[in-house]
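Student:
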Amino acid sequence: MKAPGKRGVIPGKTVAKKKQEDVTADFEHALEKKKTEQYVLRLYIAGNNFRSQTAVENVKKICEEYLKGRYELDVIDIYRDQSKNLVDLVLAAPTLIKKLPLPLRRIIGDMTRKEKVLIGLDLIRQ
Amino acid sequence: MTKKTAGGIALEQESADLRKEVGELRGKVRELEETLDAIRSGEVDAIVVSKGDSRQVYTLNGADHPYRALVENIGEGALTLSRTGMILYTNTRFAEMVQVSPENVPGTSILDHVCPEHRTEIEKALDGIVEKACRLYVRIRQGIGSLPVLISMSPLSSDENTKISVVVTDRREDESRIQLQARMLDAVGDAVVAVDNDHRIIFWNEGAAMTYGWRPEEVLGHTTMEIIVPELLKDDILKIMAQIERGESWSGEFLVRHRDGHKFPVHRIDSPVFDDEGTLIAIISTSHDISERRRAEEELVASVQEKEVLIHEIHHRVKNNLQVMSGLLDMTRTRSRDEYTKSILTDMMLRIQTMAQIHTRMYEGKQLGKICLTDQIRDQVVGLSEIFSNEGRKIRCQITPDEVFLPVDQALPCALVVNEILSNVYKHAFIGREQGTIGISVIEENGRIRITVRDNGIGLPDNFDISRTNSLGLKLIRSLVKHQLNGSLTFMSRNGTEISLEFPVTPAGK
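Chains A and B, in that order, are what the protein sequence lines are. When we follow the numbering used here, the leftmost residue of the first sequence carries the number 1, and every step to the right adds one. When we follow the numbering used here, the leftmost residue of the second sequence carries the number 1, and every step to the right adds one.
(1) Which residues mark the beginning and the end of the beta strand (DSSP E) in which residue 323/B is found?
(2) Check this for me: beta carbons of residue 105/B and residue 129/B, under 8 Å apart or not?
(3) Can you list the residues of chain A that residue 163/B reaches, using a CB-CB cut of under 7 Å?
(4) Is residue 357/B buried or exposed, if buried means 16 or more other CB atoms sit within 10 Å of its CB?
(5) For residue 110/A, go through chain B and note every residue whose CB falls closer than 8 Å to its CB, in chain order.
(6) Within the chosen definition, does the region 376-391 of chain B reach the region 417-432 of chain B through at least 3 CB pairs nearer than 8 Å?
(7) So is residue 74/A in contact with chain B if we call contact Cβ pairs under 8 Å?
(8) Buried or exposed: where does residue 67/B fall if 16 or more other Cβ atoms within 10 Å of its Cβ makes it buried?
(9) Once the 5 residues before and after residue 512/B are set aside, which same chain residues still bring their CB inside 7 Å of it?
(10) For the beta strand (DSSP E) that residue 267/B lies in, which residues bound it at each end?
(11) Might you give, ordered along the chain, the residues of its own chain that have their beta carbon closer than 7 Å to the beta carbon of residue 459/B, omitting 5 neighbours on each side?
(12) Looking at residue 99/A and residue 43/A, is the spacing between their C-beta atoms short of 8 Å?
(13) Starting from residue 153/B, follow its DSSP beta bridges and name the residues at the other end.
(14) Where does residue 419/B sit, in a helix, a strand or coil, going by DSSP?
(15) Would you tell me roughly how many angstroms separate the C-alpha atoms of residue 92/B and residue 108/A, rounded to the nearest one?
(16) Rounding to the nearest angstrom, what Cα-Cα distance links residue 125/B and residue 85/B in this structure?
(17) Is it true that the region 247-260 of chain B meets the region 211-224 of chain B, where meeting means three or more beta-carbon pairs spaced less than 8 Å apart?
(18) Return no unless some Cβ of chain B is closer than 8 Å to the Cβ of residue 40/A.
(19) Please report whether the beta-carbon of residue 37/A lies at a distance below 8 Å from any beta-carbon of chain B.
(20) Since residue 45/A contacts residue 87/A with CB under 8 Å, what's their CB separation in whole angstroms?
(21) Taking 8 Å as the CB-CB limit, is residue 79/A close to chain B?
(22) Where residue 36/B and residue 12/B are concerned, what is the direct C-alpha to C-alpha distance, given to the nearest angstrom?
(23) Give me whichever residues DSSP pairs with residue 75/A in a beta bridge.
(24) With a threshold of 8 Å between beta-carbons, can residue 75/B be considered close to chain A, or not?
(25) Determine the chain B residues that contact residue 21/A at a beta-carbon separation under 8 Å, and present them in chain order.
(26) Leaving out five residues before and five after residue 101/A in sequence, what residues of the same chain have Cβ atoms less than 6 Å from its Cβ?
(27) Cutting at 6 Å between CB atoms, please list the residues of its own chain near residue 202/B, excluding the five before and the five after it.
(28) Applying a beta-carbon distance threshold of less than 7 Å, which residues of chain A neighbour residue 35/B?
(29) Quick test of the definition: if touching needs 3 or more C-beta pairs under 8 Å, does the region 311-327 of chain B touch the region 227-234 of chain B?
(30) Applying a beta-carbon distance threshold of less than 8 Å, which residues of chain A neighbour residue 157/B?
(31) Going by other Cβ atoms of all chains shown within 10 Å of its Cβ, with 16 needed for buried, is residue 19/B buried or exposed?
(32) Would residue 284/B count as contacting chain A if we go by Cβ distances under 8 Å?
(33) Buried or exposed for residue 413/B, please, with buried defined as at least 16 other CB atoms from any protein chain shown within 10 angstroms of its CB.
(34) Where does residue 488/B land, buried or exposed, given buried means 16+ other C-beta within 10 angstroms?
(35) Does the separation of the CB atoms of residue 77/B and residue 94/B fall below 8 Å?
(36) Grab me the residues of residue 286/B's own chain with a C-beta within less than 6 Å of its C-beta, minus the 5 sequence neighbours each way, in chain order.
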């Protein structure tokens, strides 16, 4: 839930106090927004190979744990669909691309290192 | 020139270092970009990947290309599942089957694509997949409808966390063929029921529903013992099973129970069904309600019995009447003082007695319509010797017969002919002699009967000719043999007389 009251100027307070309150409100708002942001993800895999299988399993688990109900995941086989491959300039597979929210990020590998994936998805800070 | 401060010198130095570093970095970035461009634009044949001590070379036109092409073009759905059933890889065919874009299938669970009624089966199969590969006939979701498929799952390794490879086969054609076969079996008027090796019903056609009163959905999975309760002994069942297991069909009749509780007889044929390896996989049986036939048979038997009783009664009455007549003639005969009259009356009495004997045999005999000729001749000899023994002669009679049976319409004329011949022998063959012997033989050979009466008496007169005789007895013999028996007669006079009578046996009722 958004809290618009917190962002408004409250009469009778000092300027310094108002500034402090605004910063807090902005931070909370940003946090709130992060929790509701829709993710559009694209996972490039190379056919039925072992690392690709592992990547699918790991990405799906992370999405269900951190982004349940607010993500779209397309799994693209670079052998089958070459047109999307060209658009996204994929060099290796598996590659996970966070298309939204911006900025665009690429994570290469089988996504076994969960922390690396969470940083890439902007879900935790480095 | 202004003198540079120490701080200024240090700053310049730092700036120069940074410029140098940026220059080096630019060079490295350019090199990296060129490498990446070369790989991306296909200017290389292979990529070398190093990990620790091992080094792997990946050719860009991979050795697994034929395998990928096979999986993609096989025409069957192909999947790789995680141990929990998550789809890690799908080929295009499976995505088409479930009508979902191939990009959205990986990451979903196999259970998301299976119709709800089959989910438990799949879950169980996944649980036990490490021990056992499995094949399941299920329906998968296809848009708003569903599709019958065969799912074959096998583990990729014996590891507890093994991946699972799955082949999904479209069974629509199978299903429509099966439906056609089921419709054909429904069209058969008889009850067609198939059971598996545990005797559980796996097929029950419309005929079975009509015959036993149970709908297929009510009985599938139950045993036939529970449903139709056949009245068979345990030994019989074991015997039937042994025959079926040998690959033979069994057929027989027994009582079964209808849903409403009434029992009725069926004629059933059980046949084994084997798979390609020759293992018994099912037993199919066709049953036909034979209540109507049984009823008709019982009515027929009752009617035949009734008619037999009536026929016996008629023969009995005819015999009684003939015996009364014979008795009347006997009384008249013994009172007659004139020998000629007495002789005529005796002949008449004997003829009527012979006919009465035939009718007695008719209702006493077990084989209706067949008369034992030898017994008849024996009785006739006894009757004749009683009548003619008071003349003071000793006449022995030997009968060497086969057991010969004749139909009624031949037995009566035949007995009359034998009566005439024997009467003549008793009356004429031993005139002037104290004793004599008569031999009678009855032989059946190649569908013909030959009766020979031989005596050692005085023989026939020299000028004897049967066609010219005026005697009633001989005329009777000639007429009966010729017209009723379609036979022939021969007379021979040597050390007595030999008369032979031969005729073909006609089957009863003709």
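Even for Gly, the Cβ is constructed at its ideal location relative to N, Cα and C. Bear in mind that the values here come from a model prediction, so they are computed numbers and not experimental data.
Tutor: From the atom records:
(1) Note, residue 323/B: premise wrong, no beta strand (DSSP E); alpha helix (DSSP H) at 291-335.
(2) no
(3) Contact of residue 163/B with chain A by beta-carbon distance below 7 Å involves 53.
(4) buried
(5) Here the premise fails: no neighbours, minimum Cβ distance about 11 Å.
(6) Counting Cβ pairs under 8 Å, three or more are found: they touch.
(7) yes
(8) By the neighbour-count definition (other C-beta atoms within 10 Å, threshold 16), residue 67/B is an exposed residue.
(9) For residue 512/B there is no data in the structure shown, the boundaries of chain B being 1 and 510.
(10) Residue 267/B -> beta strand (DSSP E) spans 263-274.
(11) 493, 496 and 497
(12) no
(13) 134/B and 166/B
(14) Helix at residue 419/B.
(15) 25 Å
(16) It is roughly 10 Å from the alpha-carbon of residue 125/B to the alpha-carbon of residue 85/B.
(17) yes
(18) Not closer than 8 Å to any Cβ of chain B, the Cβ of residue 40/A fails to qualify, so no.
(19) no
(20) About 16 Å; that fails the 8 Å criterion.
(21) yes
(22) Going from the Cα of residue 36/B to the Cα of residue 12/B covers about 36 Å.
(23) 43/A
(24) no
(25) Here the premise fails: no neighbours, minimum Cβ distance about 42 Å.
(26) Excluding sequence positions up to five before and after residue 101/A, its CB lies within less than 6 Å of the CB of 37, all in the same chain and listed in chain order.
(27) 194 and 196
(28) Chain A residues near residue 35/B: none, gap ~10 Å exceeds 7 Å.
(29) no
(30) Ordered by position in chain A, no residue passes the 8 Å Cβ test against residue 157/B, which lies about 12 Å from the chain.
(31) Residue environment analysis places residue 19/B among the exposed positions, since fewer than 16 neighbouring C-beta atoms fall within 10 angstroms of its C-beta.
(32) no
(33) buried
(34) exposed
(35) yes
(36) 190, 192 and 269
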